[in-house]
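Student: Before anything else, here's the structure in question.
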Amino acid sequence: MPYLLSLPSWLYLTVFFVVPLVAMLSMSLATGNPLVGYVFSWHFVEFARAVDHYWVQLVRSFWYGTLSTFLTLVLTYPVAYWIAFHGGRHKGTFLFLILLPFFVSFVIRTLAWQFLLSDQGLILGSLKSWGVLPEKTYLLSTSTAVIGGLVYNSVAYYVLPLYVALEKVDRRVVRAAGDLYASPAQAFWRVVLPLSAPGIFAGFLLVFVTNVGDFVNAALLGGPGTRMVGNIIQYNFFDAQDYPMAATLSSVLMFLLIVAIYLYARVFGTESIQEYAT
Amino acid sequence: MSASAISHTRGGLLRRIGLARVLLATYTGLFLFYTVVPIAVMIAFSFNQSPHNRVSLKWLGFTTKWYRNAFAIPDLTVAMGHSLEVAFVAMIVSVVLATPLALALARYRFKAKALTDIVIFADIAAPAVVVGASLLSLFLSLNLPRGLITIFIAHIAFDIAFAVVVIRARVSVLDRALDRAAADLGATPWVAFWTVTFPLILPGIIGAGLLAFALSIDDLIITSFVAGQTLTFPLWVYGAVKTGIPPQVFVLSTLIFAGGVLIALLNSGMAQRSKS
Chain A
43 MPYLLSLPSW
53 LYLTVFFVVP
63 LVAMLSMSLA
73 TGNPLVGYVF
83 SWHFVEFARA
93 VDHYWVQLVR
103 SFWYGTLSTF
113 LTLVLTYPVA
123 YWIAFHGGRH
133 KGTFLFLILL
143 PFFVSFVIRT
153 LAWQFLLSDQ
163 GLILGSLKSW
173 GVLPEKTYLL
183 STSTAVIGGL
193 VYNSVAYYVL
203 PLYVALEKVD
213 RRVVRAAGDL
223 YASPAQAFWR
233 VVLPLSAPGI
243 FAGFLLVFVT
253 NVGDFVNAAL
263 LGGPGTRMVG
273 NIIQYNFFDA
283 QDYPMAATLS
293 SVLMFLLIVA
303 IYLYARVFGT
313 ESIQEYAT
Chain B
36 MSASAISHTR
46 GGLLRRIGLA
56 RVLLATYTGL
66 FLFYTVVPIA
76 VMIAFSFNQS
86 PHNRVSLKWL
96 GFTTKWYRNA
106 FAIPDLTVAM
116 GHSLEVAFVA
126 MIVSVVLATP
136 LALALARYRF
146 KAKALTDIVI
156 FADIAAPAVV
166 VGASLLSLFL
176 SLNLPRGLIT
186 IFIAHIAFDI
196 AFAVVVIRAR
206 VSVLDRALDR
216 AAADLGATPW
226 VAFWTVTFPL
236 ILPGIIGAGL
246 LAFALSIDDL
256 IITSFVAGQT
266 LTFPLWVYGA
276 VKTGIPPQVF
286 VLSTLIFAGG
296 VLIALLNSGM
306 AQRSKS
């Protein structure tokens with residue numbers, strides 16, 4: 043019976059999720075050109091060429107991904123904490139307000155920031171006309187703008203798992219820490235924070251993976267100096283039509299992300315991984 | 036309890052906690068402001084007098100003319116139609132495929148379960164660029180032309196995993212005794228499913244469907260790989276950035292925003308009424 047129930051989804055996910063990954067790996071080992079087509083040929087050289095050509099963008103993607111994930115965590119943790127511990131009857135309302143951006147398309151949200159951050163836009167334009175900032179100041183096409191966009195687009199994805207984890211923390215344990223003469227700061231760092239680790243990990247997984255692979259923020263808010271690996275993959279598929287290179291870069295990205303998640307789990311413990319994997 | 040009331044009764048330490056609490060509440064307020072600002076800008080500038088049919092960075096006066104001409108750009112309207120069509124089809128198909136799998140995972144122990152869990156987890160955790168690039172690799176190897184069909188295929192592929200997780204959570208809190216009672220009363224498994232199980236897991240199925248719809252209508256990255264020449268709303272907007280955004284883009288997304296908020300409020304209102 044369970045096999046009969048699972049069969050339709052299995053077939054679908056095998057054909058349109060697992061097989062494509064295999065197709066991508068084999069495409070990365072192919073040789074040829076757009077005119078004559080591509081033939082599979084164990085062409086491992088492509089991997090060396092990909093890393094050699096684009097290591098700057100690979101490193102940048104992981105740097106932007108790490109920094110934006112960390113900033114998102116630091117920005118959202120106090121909010122999730124306040125809602126979980128002091129939100130009272132209006133918890134639902136606060137969460138709803140934080141989720142409001144979800145009702146606006148991702149590309150429009152990013153566009154709104156392009157709008158806000160542009161040289162004569164609402165923020166910089168006003169500050170310049172009040173004489174607070176010099177006329178030449180700009181934010182668009184800097185890495186600050188790209189990382190800012192990544193952070194804004196991930197806050198809701200981090201608040202939710204943090205809130206769920208903090209909501210589950212047993213209040214009696216926190217009170218017990220106080221009864222045992224822990225200062226509020228100690229109770230937070232040694233009791234609440236470790237107990238919210240599953241939420242930190244779930245949010246990390248969602249936000250880090252999404253941000254490392256993103257190309258929309260870099261395209262709309264960044265410039266030539268902020269291209270990420272996603273932009274390069276797009277470029278190779280659609281402009282250069284170098285399919286093996288594009289497939290190789292995607293494979294490298296996937297491999298590096300698996301390594302990064304594995305390292306995180308080794309450093310901070312694997313229990314939370316298993317909790318979320320099942 | 037106010038901060039000063041605590042400090043009178045229990046001294047300095049708690050006064051500091053009171054202060055921390057006020058700071059935290061203030062910070063949360065500022066944070067909510069930050070999340071809402073871009074949306075407010077979008078809504079405000081959908082009412083702006085923009086010259087040359089392009090959104091302007093300056094406020095030039097209030098008008099509703101973009102709302103009266105919301106569908107004046109044929110390509111944009113077509114792209115919006117594609118988005119709705121894709122989201123609707125992906126919602127229905129992914130829920131139909133995901134419900135039996137969610138039942139199997141929540142109710143049975145079987146050999147392939149661990150592997151299935153891994154595939155579902157990987158489907159959710161895989162970065163969009165990799166999902167898009169891998170599907171494009173498959174379509175290129177098969178020489179399959181890209182268009183609406185390939186967009187459907189891709190959207191269903193990523194919606195299924197999310198739908199399975201949501202429906203499964205609902206199934207696993209159900210009392211299995213209800214099913215057995217139905218069987219004891221002579222219901223076949225088929226009848227028991229439609230008369231007992233299905234109505235009980237329906238809220239989970241609806242939740243999964245709404246999530247799938249929301250994920251699909253918003254997706255840009257995966258769609259950009261598999262769309263070919265066909266454009267959805269996010270793809271149209273992304274492509275229009277270089278030449279300038281017409282105000283209709285802000286109008287349509289304001290309408291979607293209002294619709295989404297309305298559905299969410301109705302949904303939570305209904306949930307509250309059924310509880311009481």
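Those sequence lines, one after another, are chains A and B. Counting the first sequence from 1 gives a position; this note's numbering is that position plus 42. Counting the second sequence from 1 gives a position; this note's numbering is that position plus 35. Backbone N, C-alpha and C define an ideal beta-carbon position, used for all residues, glycine too.
#1: Note the first and the last residue of the continuous alpha helix (DSSP H) segment covering His95(A).
#2: Quick check on this structure: which residue in Trp155(A), Leu63(A) and Val215(A) has the alpha carbon closest to the alpha carbon of Val76(B)?
#3: Any C-beta of chain A within less than 7 Å: which residues of the stretch 92 to 113 of chain B qualify?
#4: Please identify the residue among Arg308(B), Val296(B), Gln307(B) and Phe285(B) whose C-alpha is closest to the C-alpha of Leu111(B).
#5: Report the option in Ala224(A), Val188(A) and Ile165(A) whose CA atom is closest to the CA atom of Leu109(A).
#6: In chain order, what residues of the same chain have a beta carbon less than 7 Å from the beta carbon of Arg89(B), not counting five sequence neighbours either side?
#7: So with CB distances below 9 Å, who are the chain B contacts of Gln162(A)?
#8: Decide if Pro180(B) is buried, meaning its Cβ has at least 16 other Cβ atoms within 10 Å, or exposed.
#9: Measure from the C-beta of Arg151(A) to each C-beta in chain B and report whether the shortest distance is under 8 Å.
#10: So who's on the other strand from Phe97(B), going by DSSP bridges?
#11: Using Cβ-Cβ distances below 9 Å, what residues of the stretch 232 to 265 of chain B are close to chain A?
#12: Using 8 Å for Cβ pairs, my map puts Ser238(A) next to Val216(A). What's the rounded Cβ distance?
#13: Counting only beta-carbon atoms, is Gly272(A) nearer than 8 Å to chain B?
#14: Could one say the Cβ of Met69(A) lies closer than 8 Å to chain B's Cβ atoms, at least one of them?
#15: What does the Cβ neighbour count give for Ser37(B), buried or exposed, with the cut at 16 atoms within 10 Å?
#16: Along chain B, in chain order, which residues have C-beta atoms closer than 8 Å to that of Tyr54(A)?
#17: Out of Leu140(B), Ala122(B), Phe68(B) and Gly221(B), state which residue places its alpha-carbon closest to the alpha-carbon of Thr267(B).
#18: Ignoring anything shorter than 4 residues or poking outside the stretch 248 to 319 of chain A, list the alpha helix (DSSP H) runs there in chain order.
#19: Touching or not, the stretch 139 to 156 of chain B and the stretch 44 to 57 of chain A, by the rule of three or more beta carbon pairs under 8 Å?
#20: Using beta-carbon positions only, say whether Ala243(B) and Met66(A) come within less than 8 Å of one another.
#21: Nearest chain A C-beta to Ser207(B) closer than 8 Å, yes or no?
#22: Return no unless some Cβ of chain A is closer than 8 Å to the Cβ of Phe66(B).
#23: Going by beta carbon distance, what residues of the same chain come within less than 6 Å of Leu136(B), once the five residues before and after it are set aside?
#24: Tell me whether Ala72(A) sits in a helix, a strand or coil according to DSSP, three-state version.
#25: Which bits of chain B does His132(A) rub up against, with CB to CB less than 8 Å?
#26: Straight-line CA distance for Ile159(B) to His190(B)?
#27: Suppose the cutoff is 8 Å on Cβ atoms and the five residues either side in sequence are ignored; what does the same chain contact list for Ile186(B) look like?
#28: Which value, in whole angstroms, describes the spacing of the CA atoms of Arg102(A) and Thr268(A)?
#29: Does any C-beta atom of chain B lie closer than 8 Å to the C-beta of Tyr45(A)?
#30: With a floor of 4 residues, list each alpha helix (DSSP H) that falls wholly inside the stretch 225 to 254 of chain B, ordered by position along the chain.
#31: For Ala161(B), which option in Gly264(A), Lys170(A), Asn253(A) and Met43(A) has the closest C-alpha, if you only look at C-alpha atoms?
#32: Among the residues of its own chain, which have a CB less than 7 Å from the CB of Ala288(A), if the five just before and after it don't count?
#33: From Leu250(B) to Met115(B), what distance separates their C-alpha atoms?
#34: State the DSSP-derived secondary structure class of Lys170(A), mapped to helix, strand or coil.
#35: Can you confirm whether Gly255(A), when its beta carbon is compared against all beta carbons of chain B, has any partner nearer than 8 Å?
#36: Does Met126(B) come out as helix, strand or coil in the three-state DSSP assignment?
Tutor: Well, looking at it:
#1: Mapped onto the first sequence, residue 95(A) falls at position 53. His95(A) -> alpha helix (DSSP H) spans Val87 to His128.
#2: As a working note, residue 76(B) is residue 41 in the second sequence. If you compare the alpha carbons of Trp155(A), Leu63(A) and Val215(A) with that of Val76(B), the shortest gap goes to Trp155(A).
#3: Those residues of the stretch 92 to 113 of chain B that come within reach of chain A (Cβ to Cβ, closer than 7 Å) are Leu92.
#4: Counting from 1 along the second sequence, the entry for residue 111(B) is found at position 76. Of the listed residues, the one whose Cα sits closest to Leu111(B) is Phe285(B).
#5: Here residue 109(A) refers to the residue found at position 67 of the first sequence. Ranked by Cα distance from Leu109(A), the options Ala224(A), Val188(A) and Ile165(A) are led by Val188(A).
#6: Locating residue 89(B) in the second sequence gives position 54, where the first residue counts as 1. Annotation for Arg89(B): Gly279, Ile280 and Pro281 place their beta carbon closer than 7 Å to its own, counting only its chain and skipping 5 residues before and after.
#7: Working through the first sequence from its first residue, we reach residue 162(A) at position 120. Close to Gln162(A), with beta-carbon spacing below 9 Å, are these residues of chain B in chain order: Leu92 and Lys93.
#8: Residue 180(B) sits at position 145 when you count from the first residue of the second sequence. Looking at its Cβ environment, which holds fewer than 16 other Cβ atoms inside 10 Å, Pro180(B) is exposed.
#9: On the first sequence, position 109 is the one that residue 151(A) refers to. Arg151(A) belongs to the set of residues whose beta carbon lies under 8 Å from a beta carbon in chain B.
#10: Reading the second sequence from its first residue, position 62 is the one you call residue 97(B). Looking at the DSSP output, Phe97(B) sits in a beta bridge with Asn83(B).
#11: Per Cβ criterion, the list reads Ala249, Ile252, Asp253, Asp254, Leu255, Ile256, Ser259 and Phe260.
#12: The residue given as residue 238(A) occupies position 196 in the first sequence. The residue given as residue 216(A) occupies position 174 in the first sequence. So it is not a contact: roughly 11 Å between Cβ atoms.
#13: The residue you call residue 272(A) lines up with position 230 of the first sequence. Chain B contact via Cβ: present.
#14: In the first sequence, counting from the first residue as 1, residue 69(A) sits at position 27. Met69(A) counts as touching chain B.
#15: Here residue 37(B) is taken as the residue at index 2 of the second sequence, counted from 1. Any reading at Ser37(B) needs caution, since the residue's pLDDT is 44, under 50, leaving its predicted position unreliable; the model's value is listed next. Answer is exposed; the Cβ neighbour count stays below 16.
#16: Here residue 54(A) refers to the residue found at position 12 of the first sequence. Within chain B, the residues near Tyr54(A) are Leu132, Ile191, Ala192 and Ile195.
#17: Indexing the second sequence from 1 puts residue 267(B) at position 232. Out of Leu140(B), Ala122(B), Phe68(B) and Gly221(B), Ala122(B) has the C-alpha closest to the C-alpha of Thr267(B).
#18: If we require 4 residues or more, the alpha helix (DSSP H) runs fully inside the stretch 248 to 319 of chain A come out as 258 to 263, 271 to 280, 285 to 310 and 313 to 319.
#19: Taking 8 Å as the limit for Cβ pairs, the verdict is that the stretch 44 to 57 of chain A does touch the stretch 139 to 156 of chain B.
#20: Counted from its first residue, the second sequence places residue 243(B) at position 208. Counted from its first residue, the first sequence places residue 66(A) at position 24. For Ala243(B) and Met66(A), no; Cβs fall outside 8 Å.
#21: Residue 207(B) sits at position 172 when you count from the first residue of the second sequence. Closer than 8 Å: no.
#22: As a position in the second sequence, residue 66(B) is number 31, starting the count at 1. For Phe66(B), the answer is yes, since a Cβ of chain A falls inside 8 Å of its Cβ.
#23: Stepping through the second sequence from its first residue, residue 136(B) is reached at position 101. So the qualifying residues of the chain are Val199.
#24: Taking the first residue of the first sequence as 1, we reach residue 72(A) at position 30. Ala72(A) falls in the strand class under three-state DSSP.
#25: Taking the first residue of the first sequence as 1, we reach residue 132(A) at position 90. Chain order gives no chain B residues near His132(A), where near means a beta carbon separation below 8 Å; the closest approach is about 11 Å.
#26: Here residue 159(B) refers to the residue found at position 124 when the second sequence is read from its first residue. Here residue 190(B) refers to the residue found at position 155 when the second sequence is read from its first residue. Computed Cα separation, rounded: 12 Å.
#27: In the second sequence, residue 186(B) corresponds to position 151, counting from 1. Answer for Ile186(B): His117, Val121, Thr258, Val261, Ala262, Thr265 and Thr267, listed in chain order.
#28: The residue you call residue 102(A) lines up with position 60 of the first sequence. The residue you call residue 268(A) lines up with position 226 of the first sequence. In this structure, the straight-line span from the alpha carbon of Arg102(A) to that of Thr268(A) is close to 8 Å.
#29: Along the first sequence, one-based indexing puts residue 45(A) at 3. Yes, because at least one Cβ of chain B sits closer than 8 Å to the Cβ of Tyr45(A).
#30: The stretch 225 to 254 of chain B contains these whole alpha helix (DSSP H) runs: 233 to 253.
#31: Locating residue 161(B) in the second sequence gives position 126, counting from the first residue. If we check each option's Cα against that of Ala161(B), Asn253(A) comes out closest.
#32: Counting from one through the first sequence, the residue named residue 288(A) turns up at place 246. Hits under 7 Å: Ile275, Asn278 and Phe279.
#33: Stepping through the second sequence from its first residue, residue 250(B) is reached at position 215. Stepping through the second sequence from its first residue, residue 115(B) is reached at position 80. Leu250(B) and Met115(B) have their C-alpha atoms spaced approximately 15 Å apart.
#34: Translated into positions along the first sequence, residue 170(A) becomes position 128. Lys170(A): helix per DSSP, three-state reduction.
#35: Here residue 255(A) is taken as the residue at index 213 of the first sequence, counted from 1. Yes, Gly255(A) counts as interfacial toward chain B.
#36: Position 91 of the second sequence, counted from the start, is the residue given in the question as residue 126(B). Reduced to three states, the DSSP call for Met126(B) is helix.
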